[in-house]
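J.: I'd like to ask you about the structure that follows.
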């Protein structure tokens, strides 16, 4: 929901930096992998209870997630790059809740598991919609140029990062925050299912 407003502010900065990196021969895939490594390091810090340090790495990791697209736009977008970006994004999204579960299984286990379930369902709805949209040659620029059809929702990248940061700043509140955000993710998945029912005709197999 907040991604569009954030992109309008960040994209000019990212595009300038991405063009500079592309001129120096730095590839988008390298930035994508760096973003994941930083995200996994953040999840490890969460598991160790170093929440404030984890929050900083989460921010840098997600900056890389925006920067890789800028580098790709300044050089060459590839299907593999788009594939790698989405897979590693989901790896990051799963790793951070796992870190909170590891930090305190007794307090965070149930809520963290519920959140991972919600992430799974929401991610499946997003990717399945993209597959069906590609099958019908549908296009959208609602979040700029993407490697796959991008549907928006109440829970997007910005909301997820805000949730992670709040959880790092107030770790004792993770069970409540995770449960609420899991419901937001499930609502997003449900709204996407309804959108698919309205968009895709029943007679197309």
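Residue numbers (my numbering): 1449 to 1653.
Glycine included, every Cβ here is placed at the ideal spot set by N, Cα and C.
1) Three-state secondary structure (DSSP) at residue 1580?
2) Is there at least one non-hydrogen atom of the ligand GDP closer than 6 Å to the beta-carbon of residue 1472?
3) Mapping the DSSP letters down to three states, classify residue 1479 as helix, strand or coil.
4) For residue 1537, count the other beta carbons within 10 Å of its own beta carbon; 16 or more makes it buried, fewer makes it exposed. Which is it?
5) Could you give the C-beta distance for residue 1519 and residue 1470, rounded to a whole number, given that I count them as a contact under 8 Å?
6) Compute the distance between the beta-carbons of residue 1467 and residue 1522, then report whether it is under 7 Å.
7) Check whether the stretch 1545-1557 touches the stretch 1507-1514, taking contact to mean three or more Cβ pairs, one atom from each stretch, closer than 8 Å.
8) What are the boundary residues of the alpha helix (DSSP H) that residue 1549 is part of?
T.: Short version:
1) DSSP places residue 1580 in the helix class (H, G or I) of the three-state scheme.
2) Absence of the ligand GDP is noted for the structure shown, with no ligands found whatsoever.
3) Note: residue 1479 maps to helix in three-state DSSP.
4) When all chains shown are included, residue 1537 counts as buried.
5) With a Cβ gap of about 5 Å, residue 1519 and residue 1470 count as contacting.
6) Going by C-beta atoms, residue 1467 is nearer than 7 Å to residue 1522.
7) Too few Cβ pairs lie closer than 8 Å, so no.
8) 1527-1551 is the extent of the alpha helix (DSSP H) around residue 1549.
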